[in-house]
Each structure stands twice: as structure tokens, then as C-alpha cells.
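*Asks:* Mapping of the sequence shown onto our numbering: residues 520 to 1109, in sequence order.
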Amino acid sequence: MFDTVLVANRGEIALRVMRACKELGLRTVAIYSEADRHAPHVAYADAAYLVGPASAAQSYLNIERIIEVARESGAGAVHPGYGFLAENPSFARAVTLAGLVFIGPPAEVMERMGGKVAARREARAAGVPVVPGTMYPVGTLEELRACAHEYGYPIAIKAVAGGGGRGFRVVFEESELRHAFESARREAEIGFGNADVYVEKYLTDPRHIEIQVLADTYGNVLHLGERECSIQRRHQKLIEESPSPVITPDVRKRMGEAAVRLAKQVGYVSAGTLEFIYQDGEFYFLEMNTRIQVEHTVTEMVTGVDLVKAQIRIAQGERLWLTQDDIVIRGHAIECRINAEDPANNFRPSLGTLVEYSEPCGFGVRVDSGVHKGYTIPQHYDSLIAKLICWGDNRAEAIARMRRALADYRIVGVAHTIPFHLATMAHPVFQEGKATINFIPHHLADQLSTLSQGPISTVSVGSVVSGPVRTFEVEVNGRLFTVRVAEAETRSERTERRIRQDRAAHRALHPIADGVASSLQGIVSAVLASPGQEVEAGQVIFVIEAMKMENEVKAPRKGVIGEVRVQVGQTVEPGTILATYRAAGELAAS
Ligand code: MV4
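#1: Just the Cα atoms here: how many angstroms apart are residue 847 and residue 821?
#2: Does the stretch 639-655 come into contact with the stretch 550-562, if we say contact requires no fewer than three beta-carbon pairs (one atom in each stretch) closer than 8 angstroms?
#3: Helix, strand or coil for residue 828? Go by DSSP, reduced to three states.
#4: Cβ atoms of residue 524 and residue 545: under 8 angstroms apart, would you say?
#5: Between which two residues does the beta strand (DSSP E) containing residue 752 stretch?
#6: Where in the stretch 821-884 do unbroken runs of the beta strand (DSSP E), each at least 3 residues long, occur, reported from the N-terminal end onward?
#7: Which residue from 522, 804, 580 puts its Cα closest to that of residue 726?
#8: Expressed to the nearest angstrom, what Euclidean distance is found between the alpha-carbon atoms of residue 868 and residue 576?
#9: Going by C-alpha to C-alpha distance, which of 800, 747, 764, 910 sits closest to residue 823?
#10: Which term fits residue 852, buried or exposed, when burial requires 16 or more other beta carbons within 10 angstroms of its beta carbon?
#11: For the beta strand (DSSP E) containing residue 598, name the first residue and the last one.
#12: If we count Cβ pairs, one from each stretch, closer than 8 angstroms, do we get three or more for the stretch 580-588 versus the stretch 769-787?
#13: Is the beta carbon of residue 719 within less than 7 angstroms of some heavy atom of ligand 1?
#14: Give the straight-line distance between the Cα atoms of residue 1015 and residue 870, rounded to the nearest whole angstrom.
#15: Going along the chain, which residues of its own chain have a beta-carbon closer than 8 angstroms to the beta-carbon of residue 747, five neighbours each way excluded?
#16: Which runs of the alpha helix (DSSP H) spanning at least 4 residues fall entirely within the stretch 562-628, listed in chain order?
#17: Drop a sphere of 10 angstroms on the beta-carbon of residue 666, count the other beta-carbons inside from all chains shown, and report buried for 16 or more, exposed for fewer.
#18: Once the 5 residues before and after residue 751 are set aside, which same chain residues still bring their CB inside 8 angstroms of it?
#19: Assuming residue 743 and residue 697 form a contact by the criterion Cβ under 8 angstroms, report the distance between their Cβ atoms to the nearest whole angstrom.
#20: Any heavy atom of ligand 1 closer than 7 angstroms to the beta-carbon of residue 675?
#21: Taking DSSP's pairing of strands, which residues face residue 1060 in a bridge?
#22: For residue 592, collect the residues of the same chain with a Cβ closer than 8 angstroms to its Cβ; drop the 5 residues on either side in sequence, then sort them by chain order.
#23: Around the C-beta of residue 901, are 16 or more other C-beta atoms found within 10 angstroms, so that it is buried, or is it exposed?
#24: Given a threshold of 16 other Cβ atoms within 10 Å of its Cβ, counted over all protein chains shown, does residue 625 qualify as buried or as exposed?
#25: Where do the ends of the beta strand (DSSP E) carrying residue 807 lie?
#26: Compute the beta-carbon to beta-carbon distance between residue 651 and residue 720, rounded to the nearest angstrom, for a pair I have assumed lies under 8 angstroms.
#27: Please list, in chain order, all residues of the same chain as residue 905 whose beta carbon is under 6 angstroms from its beta carbon, the five residues on each side excluded.
#28: For the alpha helix (DSSP H) holding residue 728, just list the boundary residues, first then last.
#29: Does the stretch 773-784 come close enough to the stretch 932-949 that 3 or more CB-CB pairs lie under 8 angstroms?
#30: Of all the options 921, 679, 657, 695, which has the alpha carbon lying nearest to the alpha carbon of residue 672?
#31: Do residue 805 and ligand 1 come close, with the Cβ less than 7 angstroms from some heavy atom?
#32: If you check the beta carbons only, do residue 1083 and residue 1071 fall under 8 angstroms apart?
#33: Please go through the same chain and pick out, in chain order, the residues whose beta-carbon is closer than 6 angstroms to the beta-carbon of residue 922, but skip the five residues on each side of it.
#34: Would you check whether ligand 1 has a heavy atom nearer than 7 angstroms to the C-beta of residue 683?
#35: Considering only heavy atoms of ligand 1, does any lie closer than 7 angstroms to the CB of residue 1058?
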């Protein structure tokens, strides 16, 4: 059996996997990109190998190089973590063909559950309820219209190759059908290289509830209860908990048994998750995630089962050492994802250096993180800084503990999601366990813009614009104050700043006649316009990828594109002009 595990990931999950390896007496091998040379997961491993430049495509997704490193380092197994190559059957197959153990399900099982329509068919065959909808891709608008008629509006259009929100459209009336169909197909084609879509009846106010399963290589499968993951933003989960405040023991048993039936039917191995939507007491299978998930932690806290260690032991060929009756849910656990995103600014990724960083601690508090004070968050990967997980004897205690731990968390240097979590934990709808997938738009939208971040890495003191900030403790009449003092600028810093300000003022006063600028730092991932092309107001003309999020840049008005100034793959800064408009006069003349 293997004694060394290569962890094909970065950040908090790479650390999480390596901790499990160490506890099992296994050696760990990290891989890293040039952007991650000084990342915590590299320092924590027994050995670390460079796999490529900063871009994920050339490093953490480089199958050949990763297999080469596995061989060179003496690794006998590969753990993919989540994201990157975790659900890529070609990777699982390449690992196995190289004579290594893939810590996850077989490639064939990933393939069998990878397509959404195929997964729906599997669920139906296993007697697991699915949302009313088609069991095949819908190819034409006429077909779509007929389906919509059959299920009744609203309907959901989903990408067959889908996942997350890509290619997902909700249609409330027939007039929107054509546009939704075409844009869903386009997005699915861009996102997955497969334009196929299918249709489901849209449930308007459901919860997202998922069941964790563990399966060994001998066909034994058990479930570890549910996680409630309804609080999401742009199909990114922000808060997860276990158990769900609405799942009764009877529903848990039925959902768990359904999940186990389906996992058994497809020959599942390792840790996996079956996603359901739940509304009015009924549950419907959505899709299966064939990996360890970000939010596996809440299940660990209430069951006492170390899921990553379980994955490794299963990969070592161990028979499941637990039966369903051994799984007992004790207390309540909540996870808040601490992301470098600004909740007051549409959750926009926030890049920067953690000038101050300290984590909460104490009974019932777990922090799984991949950063430290002084760490600069690279722009190339997702924005997860840490996961804060709190356990309590009951839900109320878990919430109170989470509020305390959030207040104890100190992050300065980037915008982050802690203010959002504090607002949610304090919200009566959340506290009453009534939050559905519409919680943020229905109950928090008005508050979002006011969620203050506190100072970012610099502060202004009077008219002095600061350099770095230093914190002093001052006692005044026996009372302790924390005073943050900005270092004065040097003369050359002041000169540089004035030049920058003059340039900015110049740009503000003399804006480029008419152009489209990027609002953020990132990499151009699509150019959807060409010189001379007529565009409508709101038409998507560029896609900028920043921290794994796709940001659409739209035409500010109807017009004709003049010059396209950037190419796919190019890094852009906030304010970079991506394209210019040709003046109306030129249009008339040409
Ligand atoms: C649904 C749905 C309602 N009815 N399907 C969104 C993307 C994909 N993960 C599944 N999604 C949904 N599918 C039907 N038939 C509502 C959603 C949905 C959603 C699901 C879980 C968590 C948050 C969500 C936010 C919006 C829509």
C-alpha cells in the first residue's frame, strides 16, 4: 500500500488533506505554481514540487506534470481535493494508469454521474425522486415550448454538462423563452464546450439540501446525514450547516436511504455528495458531487467522522469500519466561508495583503485556513481565505458561538465576508431556520451595501495620506485603547502619489471619447466583439476572469466597436480600456 500522498491542490483544502495524511503516518507531497512558492501548503508538506506558472491551467490543471511529480516524489496515491482536477475523469484515469491510487471514485463512476440528464435517469432508476422535467436534451425552441406547456411556468433551463449556475435560466413566461434558450445554450457552449440544455419545472422557494455518503471498494455505503446550503450568492455557497433546521428524522432517513441506493447503483467509492432541492416537505435529486466538498467540515463536527481520513483509508482498501447505526448526529455545526470579497460591492473579489490577520479560537471553534498574517492573496485562484466552523450543543448555541468567533476574527488588508456573516447570524429569518435559497435577495439585499469593512490597508489621518499602518496600544487613565497610526510619506512617495493623482485627475477630466473599461483586475477570458461590430447597450462584449469568477463586461450603450485593445489571456487592471467606440459621425461617413 502507499506511504506517500501527492496532494494535487492548494490553499486550505491542501492543508486539510495533508493533516489527515500526517495523522495516518503518511508522507505528503505538495505541488505549487509560481504564484504559490511561499504559500502555506508548500511549507507544510514533506516535499514540494513546482508544476508551472501562476495560471491554474498551466499548473494545478497540468495532468502530465502532476503525474510526473507523483512518480518522481515516490507518491503512491493522489488526493485531488476539490475544484481543479477533482471531478475530471481523465485525471482519475491517468493517475490509475500510472499505477497510482486515486483517492476518490473510479473515473467510470464520475463519467456516469457527470452528465445531468444521465444522472437524472440513474436517480429515476434507483427510485429517487427528481424534479419533473425532461430526461433528454431539448434541441429546438418548439420542443422547449411544448415542455414549458406541459410542466407549466416557471421553468428552469439547465446545461446538461452543467454545474453551478452556468447555463441556468429561469423562464416565467413564454415571451422570454427564445432569449433564455439561446443564451443558456451559448453560455453552456462557452462554459463546457457542450450547448445541450434540458428543462425542469422551477421550484420558486426551495432549500438546497445535500446528503454526504461514504462508500468503500466492497459495495458498502452509508450516509452521514444532510447539510443545509441554501445561503448562496451567484451559486457560490456562503453558509452551510448540519443538521438542517427543517429536516425531520423521518425525512433524513428517507433522503439518506435514497442517497445510499443511488450511490450503490452507480458503484460509488469514497466520499460523495448527493444534492437535492427541498420544498414543501418533498425532496428532489439535482446532481451528485464526486469529490470531498468545501463544507464537509460541518458533517465532521456533528458525526465525529474525519471524512478525509475516511477517503484515504477507503483508498487503502479498508472495509467501512462503521455501520449506519454508528452514525449519530450530535449537536449542530455551522460553517461561514471567509472570502476575500466585498459584500458591500456585489461580492467583488478583493485582492491585497493581510496586514493584520488573527483567527478566533476556543471550545467549539474550528478554523480551516490557508493564509497567515502578511500573506498576499493571489489573483489566480478562488477567493476563499478560510472556513470558520462552529459547533454547539444546539443550533442557538452554534449561532451564538459563531457570532462571538466572527467578532473575534481580525482581518485587515482586504475586504471580506465577515460583515455579511454577522448580519446573517443576527437576522431573525436565519435564526428561526427559515432561510431558503432566496434569503439574500429577499432579506439581506437592502443591508448589503451598508456592510462596513473597517479600514483597508491604509488610513487617512487629517490631510496626511498614509503609507503602512502601525497599531499602538495606549493606556489612558487605566483604560486600554488601540490606536492605528499611519506612517508619514517620504518625499519620493509623495512625488509618486502626486503623479498618480495627477494622472487619475487627467483621466477623469479627459475621458477617452467613448470606451469600455474593465472595473477590476483579472484576465481576459473571452473577447466577444470585433472592430466595426455593432453592439447593443448591455451586450456582453468581454469576459474577465478574476479569482475563478467570470465577470461580464457589457457595452454601456448602442454603437459600433472601434478598436479592441485586449486579447484573451491578457491581464487587465481596473480602468484598462478594453475597447473603444467609433463615433457616430465616422459611422455615417464609412
Ligand atoms: C433549481 C431551482 C429551482 N427549481 N431547479 C441553480 C443552479 C444549480 N445549482 C441548481 N439551481 C437551482 N435549480 C429547479 N427545478 C433553483 C436553483 C437555484 C438554487 C439552488 C440551490 C442554491 C441556490 C440557488 C439559487 C438560485 C437558484
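Yeah, the Cβ is synthetic: ideal placement off N, Cα and C, and Gly gets one too.
*Replies:* For this structure:
#1: 8 angstroms
#2: no
#3: helix
#4: yes
#5: 740-752
#6: 851-858, 875-877
#7: 804
#8: 20 angstroms
#9: 910
#10: buried
#11: 596-598
#12: no
#13: yes
#14: 22 angstroms
#15: 726, 727, 728, 759, 760, 761, 762, 763, 764, 765, 766
#16: 582-592, 608-616
#17: buried
#18: 727, 757, 956, 959
#19: About 44 angstroms separates the two Cβ atoms, so there is no contact after all.
#20: yes
#21: The partner list for residue 1060 (beta bridge, DSSP) is empty, contrary to what the question assumes.
#22: 523, 525, 548, 566, 568
#23: buried
#24: buried
#25: 801-808
#26: 5 angstroms
#27: 857, 886, 888
#28: Where residue 728 is concerned, there is no enclosing alpha helix (DSSP H), although the beta strand (DSSP E) it sits in stretches over 726-734.
#29: no
#30: 695
#31: yes
#32: no
#33: 944
#34: yes
#35: no
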